[in-house]
Amino acid sequence: MTDRDPGPRLLSGGNPQIPKGYGDGPVQAYVAAMPGWKQAVGRRLDALIVAAVPEVRKAVKWNSPLYGMDGETWFLSFHCFDRYVKVAFHRGAGLDPPPPVPSKQPQVRYLHIHEGESVDAARFSDWVRQASRLPGEKM
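For the sequence shown, my numbering assigns the number 499 to the initial residue and increments by one for each residue that follows.
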């Protein structure tokens with residue numbers, strides 16, 4: 499990044515504005531643009547997802563990384579907010595146990611990760627494996 503190319507713009511809440519794209523490249527660009535402590539969270543989430551489901555497909559749409567099995571439907575995404583990173587399990591109500599934060603959408607459940615909190619790798623990886631076996635959401 500230079501003075502002429504400051505890199506991705508941060509939207510409200512510090513969420514990076516990344517062009518739509520498929521594959522690991524756009525997701526890594528998103529993670530690299532996550533501000534402050536959120537970047538380490540993004541790296542950790544991506545690494546845990548890939549370790550849990552090595553054949554996972556990736557994309558960035560609507561300024562959020564998406565993870566799915568077929569490249570057309572998605573079981574998980576995350577997004578930066580001012581005080582936390584929100585992980586959305588698109589069919590999270592079907593996970594056992596479900597992630598802790600409910601949504602207005604009955605099937606969706608969230609995990610919020612705040613500054614200084616660590617991700618329970620075993621619990622998160624189990625959710626990812628379970629979610630990867632459920633039908634994804636078309637987005």
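Every residue, glycine too, gets a C-beta built ideally from N, C-alpha and C.
Note that the coordinates shown come from a computational prediction; the quantities given were computed from them, not determined experimentally.
The stretch 547 to 564 and the stretch 521 to 533 touch, with three or more beta-carbon pairs separated by less than 8 Å. Going by C-alpha positions, W535 is about 10 Å away from E615. Pairing V617 with R542 gives a Cβ-Cβ distance under 8 Å. The three-state secondary structure of R621, taken from DSSP, is helix.
About 10 Å separates the beta carbons of Y608 and V583, which is beyond the 8 Å limit, so they are not a contact pair. With respect to R589, Q603 sits apart: the two C-beta atoms are not nearer than 8 Å. A straight-line Cα-Cα distance of about 23 Å links D624 and E613.
If you draw a 10 Å sphere on the C-beta of P514, you find 16 or more other C-beta atoms in it, and that means buried.
Within the stretch 558 to 630, the beta strand (DSSP E) runs of at least 3 residues that lie entirely inside it are, in chain order, 562 to 566, 574 to 578, 582 to 587, 607 to 612. Residue pairing by DSSP places R541 opposite no residue, since no beta bridge is assigned to it.
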